[in-house]
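> Got a structure here, written out as structure tokens. Questions coming.
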Amino acid sequence: MSKVTVTFQLPNGEEKSVETEPGVTALQLAHELGIEMEGACEGNMACSTCHVIVDEEHFDRLPQACDDEEEMLDLALGLSATSRLGCQVVITADLDGIVFRVPKEHRNMMGF
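For the sequence shown, the UniProt record's numbering begins at 1 and goes up steadily by one.
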């Protein structure tokens, strides 16, 4: 299985890239890279604390968000046309080179 390159653009302009095997979520990768992305519901699509903005080049390659994800995204700060929940974006070979922008503002459900 070939590796997929994923890049996160942080609010301060820093970029963190990683090569990974397909099958992990954007939220899992963010945690592995030490990126501040809460994921308060632990990937159960019950919050919006893992909100990411997907680069337009790759956005149409993602499966369409389900109604539950769309409802959670309505709670996200800094929502854009290419917003998704990181816990719902599963990395596949088709997404090689994908870039996720971590919004400057985000909801923090844990209070830290």
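Backbone N, C-alpha and C fix where the C-beta goes; we use that ideal spot for every residue, glycine too.
As the structure is a prediction and not an experimental result, all values here were calculated from the model.
What separation, rounded to the nearest whole angstrom, lies between the Cα atoms of LEU62 and ILE53?
Cα to Cα, the separation comes out at about 12 Å.
> Using DSSP with H/G/I as helix, E/B as strand and the rest coil, what is GLU36?
Three-state result, GLU36: coil.
> Would you check if there are 3 or more beta carbon pairs closer than 8 Å linking the region 34-48 to the region 68-77?
The region 34-48, when compared against the region 68-77, does touch it at the 8 Å Cβ threshold.
> Just the C-alpha distance for ASP67 and GLU14, rounded to the nearest angstrom, thanks.
ASP67 and GLU14: Cα-Cα distance of roughly 32 Å.
> For PHE100, which beta-bridge partners are listed by DSSP?
PHE8, VAL54.
> If you drop the 5 nearest sequence neighbours on each side, which residues of the same chain put their C-beta closer than 8 Å to that of THR25?
The residues are GLY43, GLY86, CYS87, GLN88, VAL89, VAL90, ILE91.
> Between the alpha carbons of GLU70 and CYS41, how many angstroms are there, rounded?
When rounded, the distance between both Cα atoms is 16 Å.
> Relative to the C-alpha of THR82, which candidate in LYS104, GLU57, GLU105 has its C-alpha closest?
Taking only the C-alpha atoms, the option nearest THR82 is GLU57.
> Can the beta-carbon of ASP94 be found closer than 8 Å to that of THR5?
Going by C-beta atoms, ASP94 is not nearer than 8 Å to THR5.
> So, at 6 Å on beta carbons, what are the nonlocal neighbours of LYS104 in its own chain, with the 5 sequence-adjacent residues on each side left out?
Taken in chain order, the residues that qualify are PRO11.
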